[in-house]
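Working notes, beginning with the structure itself.
Number of protein chains: 2
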Amino acid sequence: MRELIVDLKDRSYPIYIGAELLQQKSLLTHHIHSKQVLVVSNDVVAPLYLEQVTQALTDYTVKHVIIPDGEQNKTLQQVNRVFDSLLENKYSRNATLIALGGGVVGDMGGFAAACYQRGIAYIQIPTTLLAQVDSSVGGKTAVNHPLGKNMIGAFYQPQCVIADTTVLNTLPDRELSAGIAEVIKYGLIRDPEFLDWLQTNMHSLLTREAEALAYAIERSCINKAEIVSEDERESGIRAILNLGHTFGHAIETGMGYGTYLHGEAVAIGTCQAADLSCRLGMLPASDMLKINELFRQARLPVTPPEMSADKYIDLMSVDKKNVDGNIRVILLEALGKAALPQSVDTQVLTQTLTEYNG
Amino acid sequence: MRELIVDLKDRSYPIYIGAELLQQKSLLTHHIHSKQVLVVSNDVVAPLYLEQVTQALTDYTVKHVIIPDGEQNKTLQQVNRVFDSLLENKYSRNATLIALGGGVVGDMGGFAAACYQRGIAYIQIPTTLLAQVDSSVGGKTAVNHPLGKNMIGAFYQPQCVIADTTVLNTLPDRELSAGIAEVIKYGLIRDPEFLDWLQTNMHSLLTREAEALAYAIERSCINKAEIVSEDERESGIRAILNLGHTFGHAIETGMGYGTYLHGEAVAIGTCQAADLSCRLGMLPASDMLKINELFRQARLPVTPPEMSADKYIDLMSVDKKNVDGNIRVILLEALGKAALPQSVDTQVLTQTLTEYNG
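Line order of the protein sequences matches chains A and B. So in my numbering, spot 243 of the first sequence is number 243, and the numbers just go up one at a time. So in my numbering, spot 163 of the second sequence is number 1163, and the numbers just go up one at a time.
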């Protein structure tokens, strides 16, 4: 088992990475400090793993809330269902919430934990590669609003994260690839060596070799943890984690949550960001082609859906990185080096939005 | 003008206390760092003071959300209206939310600010005495849930608080008294000198003498600020601020939000806590009578409404101070000295709930 500490002073916590971790009861119970436990999961993951988690907690009162699968359910309404359950069961401020599922369950479960009685303990058991490499580090919790993704949320750190590579065996291929999109992102923004490793080892990830997965998860989490330790509340460098996300969120919102997986939208969005970086003279065209090729290798889409530039710009104008209504984007200076968010000329942005097509 | 700094390291902020402060534009503008401002107020306060605030902000884009007056509107639904407005107006993470109103507006406005894009700046302009002495210090934001008061919320600090004593001139008598309930609380839990001052000067407060009000507000805020600086997230001493609140919240929830003002419920609840302290041999009966008398002087209710002990206990069992389902209460050791929360024998608690009647 690999163990990585996310260093955030009094809010530091460990990430456990390895095979068969759900069987190790003590990983879980070590971090629970009252009898009251609520598991939040979804209707795809719960049938597979809820019983395993419940069996690790025989000495506890374990209740659960199961939400429907999918980004379209990351809503305040579903969070309210969690509050209902916590209150109906008279759970106190010492209760623990376990988020068992992908990013949607982690984000909304974490947000529910952040808000219930102004904050109760929570543990993340991410069951998708995307959640293991992304939402497991950084304490970003949130739900969507009809007018924007992740617009309602909190910075809130878990007690621990259990990233069990064995659970990835039940993950659909499409979701595995979507997770790899965020893995590639870490290479692109700050880790050229890892990018090389990914080019060489993509096949091992796609065939779910346990060691390759554990390495990619750890390296991704280390990269993210270093950034987050430096800038917990995203006032500076942390923004580079959003490479491809300004475009990607617009695609997700514009096409309707659930049409594209988050990682798929990020793959396309990263290609758009790379295209924009080229047009602005920051990145050579050959690097942009390498990026496209790597996403294709990972079986990810690189061609944007049909959506007007006006709609893109409208949707991008509510992004959290913006200042006073100016659209700001993360661009690439090189393979393995992202720039801080910057306002971009609407004309060049429009060129990318209308001319880049994979 | 009195200025008091609430010392919370990088989250420290000033409270300005005095007459005619809303006329001093710079108090407000000094703390606003982008053009986007949203004022949240209610339908009683907005007609009186919204224009005054808007006029102080002629160089800004000022939008507003007006919620219906009353505790029964401190809901997630109303918070969602604030999110709708922020998103419809494409407000960014640099926007500022101003909460102009009493505790309900402050609590739900603050919670909306805490959650929008994971936290935007907010400024409190409390327009009731209760809000000026209570929610202005401590960063507790929250909304109610049908099953419990303040069950959904966040710890979130404002940029500044502007406590203008002039706005108290339009406050109904009943609400003034409700505010004095919390003022008395500060004396009871840790400030015997202030308690003496209150016994002597109650009439000046009830007749709204500006200097007496400013002194009482400042002294209350100093007491609260000292406690909060010591224990921002309520893991220890801060709990004594909840004197009377475990009973009080049960009364508010049990009788339906809006039947009793919060301060009225706290006045009754504090008398119940004092009665319980007597029964447990911690407080002499003579002190309990003095407490009753002081609340009566402030024109506050001291007689509990008709509600069964079972219902009280049921409602008290979801209080945030509880641990693993055990009811914990703040008791008094003397006039001017509260004890940390402690589990109480259900039999004695039931005696207080059935036998104490003012």
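Note that the Cβ used here is the ideal one computed from N, Cα and C, for glycine as well.
Proximity of chain B to A:CYS115 at the Cβ level (cut-off 7 angstroms) is accounted for by ILE1152, GLY1153 and ALA1154, in chain order.
CA-to-CA, the gap between B:GLY1148 and A:ALA131 works out to about 33 angstroms.
The region 1121-1139 of chain B makes contact with the region 1179-1195 of chain B; the number of CB pairs closer than 8 angstroms reaches 3 or more. At the C-beta level, A:ALA309 and A:THR270 stay beyond 8 angstroms of one another. Counting along the chain, no beta strand (DSSP E) covers B:GLU1020, and no H or E run does either. Restricted to the region 1035-1082 of chain B, the alpha helix (DSSP H) segments that are unbroken, complete and at least 4 residues in length are 1046-1055, listed in chain order.
Following the DSSP letters along the chain, one finds B:PRO1192 inside the alpha helix (DSSP H) bounded by residues 1192-1206.
Taking 7 angstroms as the cut-off between beta carbons, none of the residues of the region 10-22 of chain A comes near chain B. Among the residues of chain A, none has a CB under 7 angstroms from the CB of B:VAL1045; the nearest is roughly 25 angstroms distant. Taken in chain order, the members of the region 229-242 of chain A whose beta-carbon sits within less than 9 angstroms of a beta-carbon on chain B are ARG233 and GLU234. In this structure A:GLY336 is in contact with A:ASP191, their Cβ atoms being roughly 6 angstroms apart against a cut-off of 8 angstroms. Boundaries of the alpha helix (DSSP H) around A:THR253: 245-255.
The C-beta distance from B:TYR1013 to B:GLN1159 rounds to 6 angstroms, short enough to fall under 8 angstroms. In the displayed model, A:VAL318 falls within coil according to three-state DSSP, outside both helix and strand. Exclusion of the five residues before and after B:GLU1230 leaves ILE1237 as the residues of its chain whose Cβ lies within less than 7 angstroms of its Cβ. Assigned with DSSP and collapsed to three states, A:ILE120 falls in coil, not helix or strand. Relative to the Cα of B:MET1151, the nearest Cα in the group B:THR1346, B:GLN1052 and B:SER1317 belongs to B:SER1317. The straight-line gap separating the alpha-carbon atoms of B:ASP1275 and B:PHE1295 is approximately 14 angstroms.
Runs of beta strand (DSSP E) with 3 or more residues, each lying fully within the region 88-114 of chain A, are found at 96-101, listed in chain order.
Beyond the five residues adjoining it in sequence on each side, B:VAL1082 comes within less than 8 angstroms, by CB distance, of LEU1038, VAL1040, VAL1065, LEU1097, MET1108, GLY1109, ALA1112 and TYR1116 in the same chain, given in chain order. DSSP, read as helix, strand or coil, puts A:VAL183 in helix. Short of 6 angstroms from the beta carbon of A:ALA265, and not among the five residues preceding or following it, lie these beta carbons of its own chain, in chain order: GLY248, ILE251 and GLU252.
The C-beta of A:HIS203 has fewer than 16 other C-beta atoms within 10 Å across all chains shown, which makes the residue exposed.
Judged by their CB atoms, B:GLY1258 and B:GLN1072 are nearer to each other than the 8 angstroms cut-off. The residue among A:LEU100, A:GLY101 and A:ILE217 with its C-alpha nearest the C-alpha of A:GLY18 is A:ILE217.
Residue range 160-164 is occupied by the beta strand (DSSP E) that includes A:ILE162.
Residues LEU1004 of the same chain have their beta carbon placed closer than 8 angstroms to that of B:ILE1222, with the five preceding and five following residues left out of the count. B:SER1085 sits in a helix when the DSSP states are folded into three classes.
Inclusion of A:LEU27 and A:TYR16 in the CB contact set at 8 angstroms is warranted, their separation being smaller than that value. As the crow flies, the alpha-carbon of A:GLN272 is around 10 angstroms from that of A:GLU355. Here DSSP, grouped into helix, strand and coil, assigns A:HIS31 to coil.
For B:VAL1318, the C-beta contacts it makes with chain A under 7 angstroms involve LEU87 and LYS90, in order along the chain. Between B:ALA1178 and B:THR1141, the gap from beta carbon to beta carbon reaches 8 angstroms or more.
If only uninterrupted alpha helix (DSSP H) runs of at least 4 residues are considered, those enclosed by the region 1274-1323 of chain B are 1285-1297 and 1309-1316. Per the C-alpha coordinates, the member of B:ASP1043, B:ASP1319 and B:GLN1342 positioned closest to B:MET1282 is B:GLN1342. The beta-bridge partner set that DSSP reports for B:GLY1148 consists of B:HIS1145.
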